[in-house]
Structures are given as C-alpha cells and as structure tokens.
Amino acid sequence: MKHVFNVLVAGVGGQGNLVCGRILAEGAVRKNLRPVVGDTFGASRRGGGVLTHLRIGESDWGPLVPRNQADLILGLEPLETLRAAVKFAGHRTVVIFSELKVDTPGSLVGNTSYPDVDRMTEALESISDVVYRLDPKESLEKIGTNRVLNSYMIGALAGSGKTPLDSSELRVLVGETLKPKKTNIAAFDAGLKRISGLMIGENV
Amino acid sequence: MSGNEAFARGAIEAGIRFCSSYPGTPSTEIATAIMKEAERRGIYAEWSVNEKVALEAAAGASWAGVPAICPMKSLGLNVASDFLLNLNLSGTGNGGLVIIICDDPRGHSSSNEQDSRFYAKAASIPLLEPSSYQEAKDIMPLAIELSRRHELPVIVRSTTRLGHSRGLVELGEIDERPLEKPLRLVGNLFNIPDPHLRHRDLLEKVDKIAEEFETHPFNHFQGPEESVLLTVSTGICQRYVDEALEIVSAKNAARLGLITTFPIPIGLISRTASKARDVLFVEETDPYLENEIRALSTIEEFGISARFHGKLSGVVPSYGEMNVDKAVAAIESVLGIQPRTLDEAYESEVEKARKLLIPRALTFCAGCTHRNAYWAIQKVRESLGGNLIVAGDIGCYSLGAFYNESMNTMQAMGSGIGAANGLGQLERFGFASKVIAVAGDSTFFHACIPALVNAKHKKANLTFLVLDNSTTAMTGFQKHPGSAEQNLDHQRVSIERIVRAVEPDTVLVGDARRIPSTVSLIEDTVNKPGLNVIILDSICRLEEQKSGWIYKDLPKIMIDPDVCLGEDCRICVSEFNCIGLGWDSQSGRPFALDHICTRCGACISVCPEKAIRRKRK
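Chains as they are written, first to last, in our numbering: chain A, 1 to 204; chain B, 205 to 821.
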C-alpha cells in the first residue's frame with residue numbers, strides 16, 4: 001500500500017460517527033497497520049456536524065487529513081458528506097454516502113432550504129473520482145431501526161473493496177462492537193450487498 | 205488510546221496518587237480517565253471547584269510527598285496563575301507536581317485561542333510538549349521525576365488535536381511502590397521575607413535543567429547536518445511538518461522536533477541551526493519559540509546566520525490552528541517552490557459545490573430550559589423597550605449569544621456578574637438599562653461568589669439569574685458541590701443557602717420549565733432596585749436522558765392546524781425555535797418531531813393562538 005490511506009466519516013451528532021471511526025481503526029490494527037483517528041466535533045451533542053478523520057499507514061500520521069487528500073469519504077448524511085468533500089476530496093477520492101438527509105435547525109423550520117440531494121450528488125461527482133449513492137431507507141425499515149445506519153455504511157465500505165481493510169474482519173468487528181449484534185450484522189450485510197449491486201451495474 | 209487517555213495512563217504509570225482538576229474542553233478526559241482507575245490504583249481524584257483550588261490542592265499533596273497531577277484547559281491556568289507564580293518560588297516539595305495544560309488553538313471549545321506556554325516562561329518552570337500519543341504517555345513519568353528532583357511544578361502542554369485524537373500506544377510498567385511514610389510537609393512554604401532570593405534560587409534550578417535538556421532523549425534531530433532548510437517544531441506540529449516535507453518532497457531539509465521548550469536547549473538549537481540556510485518555525489498558536497530564538501540569535505556567540513521564518517515573518521499564519529496544509533505552504537514559500545494546486549477547472553467545481561452548502565448552526569437541545577430562560581428574558585427586554593443588558597457567562601447557556609442575541613457579553617468564568625458590578629453602578633451617569641447577570645450552577649461555584657459579595661457590599665443594582673440545572677452540562681455532566689446527587693463521601697453545598705447568606709435585597713426561586721411564571725418573575729424582579737437574585741430550577745435534557753428518563757409516557761405535542769396562523773406567525777419556530785419543532789412548508793404549519801421532542805410543553809405557552817396542545821391519550 002502507499003504511505004497513508006485517508007478516510008473521512010462525515011455525519012451529524014447521534015449517528016454513531018465516532019464509533020464508526022473506532023471500528024475502522026480496529027480493522028486497521030487487525031491488518032497490522034497503524035491507525036490514527038482524529039475526532040472533530042464542535043457541538044455534536046446538539047445536532048452539529050461530526051467529522052472523523054482516519055489515517056491508516058505503517059507509522060503514526062498527524063490526526064487530520066490534509067486538503068484534497070481523502071482516499072475515501074464515508075458519508076452518513078448527504079449535506080455533511082458534501083461539506084467534507086468540498087474540503088478534503090480530490091481526484092482520487094471515492095465517496096460512499098447515504099442519501100437519507102438530516103435537516104439542519106434552519107431547514108427544519110423553513111428558514112433555509114435543505115439543498116437538493118440530486119444536485120449535491122452531481123456536485124460530489126464533479127469533485128471526486130467515483131460516487132456511490134446509497135438508499136438505505138428500505139433496508140433499515142426492514143431491519144426495523146435507523147440506528148444501524150453506521151453498520152450499513154461500514155458494510156458498504158467493506159463491500160467496495162476500496163480500502164486496505166478486510167471485509168470479513170470488519171463484519172466481525174461490527175458484531176463485537178455494536179449492540180444488538182444481530183440487527184447490526186444484518187445492516188452490515190445489507191450495505192455490503194447494496195454496494196456490490198451498484199458496482200456490478202458499473203461494470204456493465 | 206486518545207492523547208488525553210495517554211496522559212492519564214502515563215500519570216498512573218508514574219505512580220501518582222493525587223489528581224485534582226476542573227472540567228474544560230479539551231482537557232476533561234484526562235481526569236475522567238484517572239477517576240475510572242482511582243479506586244483500583246489507590247489514587248485520590250476530585251473535580252475541584254475551580255482550577256486555582258485544584259492546583260493549590262495538588263500542591264498541598266506534593267508538599268507532603270504525594271505525587272500529583274493537575275490537568276486543566278488553557279483558560280483554567282489563567283485562574284490558577286496567581287498561585288502558580290508563588291509556587292514556582294516556594295517549590296513543590298518531594299511529591300512531584302505536573303500541570304497538564306490543554307490549549308485549544310482556533311478556540312473550537314473556548315472563548316479565546318491562548319498560548320499557555322508563556323506561563324512556563326513567566327514562572328520559570330520546565331515546559332514539555334509531547335508530539336504523539338506514545339510521547340504523551342511516556343513524558344508523564346519523566347515529568348513527575350523532573351518535578352520531584354527539582355521540587356518545581358512542571359507544565360506539560362497539549363493541544364486539542366493531540367488530546368482528542370487517538371493512536372496506538374505501547375504501555376509501560378506501573379510504579380506501584382508505596383508512598384514513603386510517614387508523610388511529612390517540607391519546610392519554607394512561603395517566599396517572604398526575601399522573594400528575590402527565592403527567585404535567585406529558582407533561576408539556579410533553571411540553569412541546571414537547561415543543561416539536562418540539551419541532551420534530553422525526546423528532542424529529535426533528523427536530516428543532513430548541513431541543510432537548506434531546518435524546520436523547528438513542537439508538539440503535534442512535528443507530525444504536520446513530517447507530512448508537509450514529504451508532500452513537498454523537499455531536498456536537503458532537516459527537522460528538529462523539540463519537546464523541552466522551557467528552558468530552551470540553546471546549545472542544541474545553535475548546533476543544528478548554525479548549519480542551515482533557512483530556519484522555519486512551526487508551532488501552535490503564538491510564535492513562542494520563534495521569538496525566543498530570534499532574540500537569542502542577536503547574541504554573537506549563538507553563531508546563527510540562517511534566515512528565520514515563521515509567524516513573525518508571515519509565512520505561517522499568526523492566528524488559527526496549524527495543519528499540514530499551512531506547513532506545506534510555509535515550506536513552499538521559504539524554498540521558493542510554486543504552490544501546489546489542483547487545476548483551475550477542478551477548483552471552480554469545488555466552488556460550485558461549496559455554494560450548495562448550508563450551515564448547521566449551534567442551538568439549545570430540544571426541551572432545554574435555558575431556551576425558556578432566554579425567551580423569558582427577551583419578553584422582559586421587549587417590555588422594557590430594549591433597555592436591558594444581559595451579562596452572560598461560560599457554559600451551555602453561552603449559546604444565548606446566538607439565541608436572538610439574548611446575551612450581550614461573555615468573557616471569562618464568573619465575568620457576567622463581575623461585569624454587572626460595574627454596569628450596576630452606572631445609573632449615576634445616566635445609564636438607563638436594567639442589568640441582568642446570568643450564570644450556571646457550576647460557574648456559580650467556580651467564580652461568581654466574590655462578585656456576588658461585592659455587589660451586595662457596594663449596593664450594585666443588578667439581578668443575578670442562576671440557571672441551576674444541577675450539573676456541569678457543557679463538559680459532560682461532572683458533579684459539582686451543588687449537584688443534587690453526590691458521591692457518598694461528598695457533601696452537597698446549597699447555592700440558595702450561600703446566596704441567602706450574602707443577604708441580597710431579594711432572593712427568589714423559580715422554575716424554568718414554566719415560561720409564563722418565569723417571565724413575570726424576571727419582570728417583577730429587574731424593576732426592583734438593589735441586588736436581586738433569582739435561582740431558576742433548570743433541567744439538562746441530555747443528563748435526564750442519560751440517566752434513563754424516557755418521554756414516551758408523556759402526552760405528545762400536537763398543533764391544531766385550524767387555530768395556527770401558519771406563515772403569518774411562525775413565532776414557535778422562528779423565535780422560540782425549539783429543535784423539537786419542524787415546519788411543514790406544504791401545509792404551512794409546524795409539527796412536533798416526536799423522536800426529538802421531549803414533550804416538555806414549553807412551546808405551548810409560546811403560541812399566542814393556543815394552537816399548540818398536548819395530545820389527549
């Protein structure tokens with residue numbers, strides 16, 4: 001692998017962003033790599049944006065991904081995905097994001113309007129290498145909770161094969177870390193399946 | 205582990221037995237991690253009432269031979285500095301005392317961005333700046349040992365990015381030697397009658413430490429002896445520089461990473477810098493090292509002819525947080541390399557994407573009673589024709605600054621009522637506004653009591669509003685003397701009794717859950733002359749939820765669409781603005797977000813049309 005693989009996990013408070021970072025970091029440890037995780041949360045408890053920087057390499061890197069240097073952006077929320085991409089995406093960036101929006105305090109009450117997700121997807125496509133837009137709504141409804149979105153997204157990341165991490169190892173870690181185990185594993189599998197479907201479509 | 209957990213682990217490995225602290229981002233997790241291990245390791249750990257008391261308590265322990273640490277955030281050291289600048293002269297006895305000071309460049313969670321390293325210089329005490337999680341842990345035993353040997357407090361400086369990021373750390377052995385007993389206090393714990401002679405003794409210690417630091421194993425030089433560029437960096441900036449040099453692929457560059465930054469290892473710097481063409485300083489917040497070395501370089505024996513670059517020359521921004529990109533730009537500028545940019549077409553796409561973004565603003569939690577209090581204050585302000593000044597303070601309720609600008613001032617802990625002491629004397633000059641000071645419960649204990657006494661004594665005209673939610677909510681619900689629930693070995697101290705003991709002209713207790721009565725309570729009180737205190741019983745919804753409280757048994761909130769005035773009004777969402785309420789633009793009516801709403805019903809009284817109600821079961 002090259003010196004460092006940069007991942008950003010973008011979302012809002014309460015989505016399990018930080019634990020997502022921990023699981024991916026542990027996945028790196030299990031591949032005998034050295035992860036460094038930088039958590040940036042201004043007011044996550046109050047519904048603000050949360051961005052986790054994960055740097056995977058063979059030595060300790062600084063905790064923050066430099067500008068345009070993201071290898072992969074895992075977006076738990078479209079607006080926050082775009083916010084991360086504007087700063088950290090570059091020509092080689094892979095974006096995997098969930099299209100389920102979380103309104104801002106302003107958009108919730110109609111003081112501002114939440115940007116159109118299709119337009120944001122186009123923008124993401126124009127500033128990164130490849131974008132996978134996921135629609136977890138149906139899967140999460142089937143599983144019965146949207147609290148497993150992060151497991152779904154880790155499954156998608158694992159299924160993309162775009163990271164130095166091991167897919168089956170991540171699945172084990174999701175099961176070990178997130179409770180209840182069964183629904184989180186189900187979400188992981190659903191995410192993995194969904195992105196595999198998208199990627200097959202790509203090859204056709 | 206995180207940098208903060210690494211500091212805690214290092215302190216435990218060093219065999220500390222005492223930890224006193226006051227919570228503050230980004231330092232809180234250090235003491236929290238110690239507290240988790242305290243019982244098992246035989247450590248006494250406390251959240252003190254403020255940082256000054258914390259440092260004094262830790263010094264008391266160290267004087268008697270008990271090794272101690274005192275973690276705090278940057279601004280905390282301002283509070284504790286009065287004591288620190290005496291303690292440096294008297295010394296810390298045989299125990300050992302390390303202050304871990306966590307600066308917050310950019311002020312992510314602070315009201316300023318302050319470089320606390322100047323306190324080490326001001327107090328002439330050793331300063332260490334670890335650059336990684338491993339060093340954060342490894343430095344602690346060395347720091348305790350250094351403190352014990354020289355009987356001086358030692359400052360270890362961290363920054364947000366070190367404390368709040370995590371990496372792999374190899375653990376060491378824990379020093380489990382029992383304390384030397386009996387504990388005995390050292391002598392001469394005062395600086396009178398000849399502080400100047402204690403100062404002389406301190407400077408002698410500093411000279412010895414400076415010699416030690418010349419060969420300190422944590423200072424790190426890498427690269428060719430004769431270099432085109434020598435970077436000098438401290439703390440986490442070492443990591444930024446490593447990466448920046450790689451990105452620029454700078455040829456013939458050398459790196460000096462300094463951990464010991466007071467006293468400065470002059471010999472080491474002069475040896476390495478004298479063979480460099482250019483020297484670039486990369487450090488967090490102020491040009492501390494850059495200033496020192498520029499000054500030293502004017503001494504001929506120092507032997508440096510290199511050109512200096514850094515915050516003072518402008519190649520590094522002199523405010524804000526450092527990162528790899530800034531380090532890259534500085535190196536490119538010094539080496540005269542064309543800045544690396546992606547193509548213009550790409551940049552214009554990024555600009556287009558950026559224009560789509562909307563902010564995710566900070567606001568109070570759903571059901572937070574601070575919102576109710578500020579709403580009430582706004583109503584009172586309206587009825588006073590705007591003639592109301594609100595001097596605010598530090599805590600969750602600082603968000604009042606963003607809540608219809610309800611709060612006019614916010615400075616340091618306790619400064620709300622402090623400033624109100626002045627504002628409350630201005631009627632004699634024709635100042636027409638009523639004055640309210642707002643503070644939370646933990647802040648009340650931290651720094652409000654002297655100002656409250658002063659206000660009583662000087663007959664200041666002010667109303668002091670204590671928003672008492674019974675917890676240190678902002679930093680993660682630490683208990684304080686007034687908390688309703690206390691550890692078995694602690695005793696509760698009542699805010700109300702302290703206030704009554706000062707004998708203000710009026711003392712009233714209100715309930716922040718009830719908006720109409722809070723409005724009339726504040727309105728009646730501010731119009732009374734003299735010192736008035738209102739203690740508003742408040743609720744932190746996050747703590748309530750954390751302790752297992754669920755809202756599902758309460759009746760839901762609903763909006764009667766036939767009564768609601770819709771777009772013509774919007775008071776509930778645009779002015780009261782609880783995030784438990786959303787707006788349906790199709791029907792032009794608000795709706796309760798049942799998964800966020802705490803069903804507190806505060807919004808019911810806010811609606812002038814009585815369109816908001818509780819759903820009958």
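Even glycine gets a Cβ: it sits at the ideal position worked out from N, Cα and C.
Query	Result
Using only alpha-carbon positions, find the residue among M344(B), T613(B), A806(B), I508(B) that is nearest to F211(B).	M344(B)
I'd like the span of the alpha helix (DSSP H) that includes F222(B), first residue to last.	Here F222(B) belongs to no alpha helix (DSSP H); instead the beta strand (DSSP E) covers 222-225.
Could you check the C-alpha separation between T667(B) and A641(B) for me, to the nearest Å?	6 Å
Name, in chain order, the residues that DSSP records as bridge partners for M276(B).	I305(B)
Nearest chain B C-beta to M1(A) closer than 9 Å, yes or no?	Legend: pLDDT at M1(A) = 43, less than 50; position of this residue unreliable, no value from coordinates given.
Under the assumption that V767(B) contacts E813(B) (Cβ atoms under 8 Å), give the Cβ distance between them as a whole number of angstroms.	5 Å
CB L383(B) to CB R245(B), shorter than 9 Å?	no
At a CB distance below 8 Å, what residues from the stretch 431-462 of chain B approach chain A? Give them in sequence order.	I440, R443, Y444, D446, E447, E450, I451
Would you verify that the beta carbon of A158(A) is, or is not, closer than 9 Å to some beta carbon of chain B?	no
Enumerate, from N- to C-terminal direction, the unbroken alpha helix (DSSP H) stretches of 4 or more residues contained entirely within the stretch 122-172 of chain A.	137-143, 149-160
List the residues of chain B that T104(A) touches, going by C-beta distances under 9 Å, in chain order.	I562, P563, R564, A565
Quick check on K638(B): does DSSP put it in helix, strand or coil?	strand
Check whether the Cβ of R92(A) lies closer than 9 Å to any Cβ atom in chain B.	no
Between the alpha carbons of V697(B) and P685(B), how many angstroms are there, rounded?	5 Å
Name the chain B residues whose beta carbon is nearer than 8 Å to that of R30(A)?	What R30(A) touches in chain B: nothing, since even the nearest Cβ is about 12 Å away.
With a CB to CB cut of under 7 Å and the five nearest residues on each side skipped, what residues in its chain are close to E209(B)?	E233, A237
Shorter than 9 Å from the beta carbon of D166(A) to some beta carbon of chain B?	no
Mapping the DSSP letters down to three states, classify D788(B) as helix, strand or coil.	strand
Looking at the C-beta of F338(B), does it have a partner C-beta in chain A at a distance below 9 Å?	It should be pointed out that residue 338(B) corresponds to Gln in this sequence rather than to Phe. For Q338(B), the answer is yes, since a Cβ of chain A falls inside 9 Å of its Cβ.
Measure from the alpha carbon of A340(B) to the alpha carbon of each residue in C744(B), L291(B), I440(B), E771(B), then state which is nearest.	I440(B)
Apart from the five residues just before and just after S537(B), which ones in its own chain have a Cβ nearer than 7 Å to its Cβ?	V519
Three-state secondary structure (DSSP) at V204(A)?	With a pLDDT of 44 at V204(A), under the threshold of 50, the modelled position of this residue cannot be trusted; read the value that follows with caution. Note: V204(A) maps to coil in three-state DSSP.
Count the C-beta pairs between the stretch 174-191 of chain A and the stretch 342-356 of chain B that are closer than 8 Å, then say yes if the count reaches three, no if not.	no
From N608(B) to C773(B), what distance separates their C-alpha atoms?	17 Å
Look at G371(B) and V4(A) and say whether their C-beta atoms are less than 9 Å apart.	no
What are the uninterrupted segments assigned as alpha helix (DSSP H) that are 4 or more residues long and contained completely in the stretch 687-770 of chain B, given in chain order?	699-706, 719-730, 745-750
Buried or exposed: S751(B), going by 16 or more other Cβ atoms within 10 Å of its Cβ?	exposed
How far does the beta strand (DSSP E) with G57(A) in it reach, from first residue to last?	49-57
Against chain B, which members of the stretch 47-64 of chain A pass a CB distance test of less than 7 Å?	G47, G48, G49, D60, W61, G62, P63, L64
Between the C-alpha atoms of C804(B) and G571(B), what's the straight-line distance to the nearest angstrom?	6 Å
Between R388(B) and G269(B), which are expected to be in contact by the criterion C-beta below 8 Å, what is the C-beta distance as a whole number of angstroms?	6 Å
Please report the distance separating the alpha-carbon of D116(A) from that of L82(A).	12 Å
Got a sec, what are the start and stop residues for the beta strand (DSSP E) D830(B) sits in?	Any question about residue 830(B) goes unanswered here, given that chain B covers just 205 to 821.
What residues from chain A crowd round S778(B), counting only those whose CB sits closer than 7 Å?	V109, N111
Can you name the residues of chain B whose CB is closer than 8 Å to the CB of L74(A)?	Those do not exist, as L74(A) stays about 18 Å from chain B at its closest Cβ, beyond 8 Å.
Is V37(A) close to chain B? Criterion is C-beta to C-beta, closer than 9 Å.	yes
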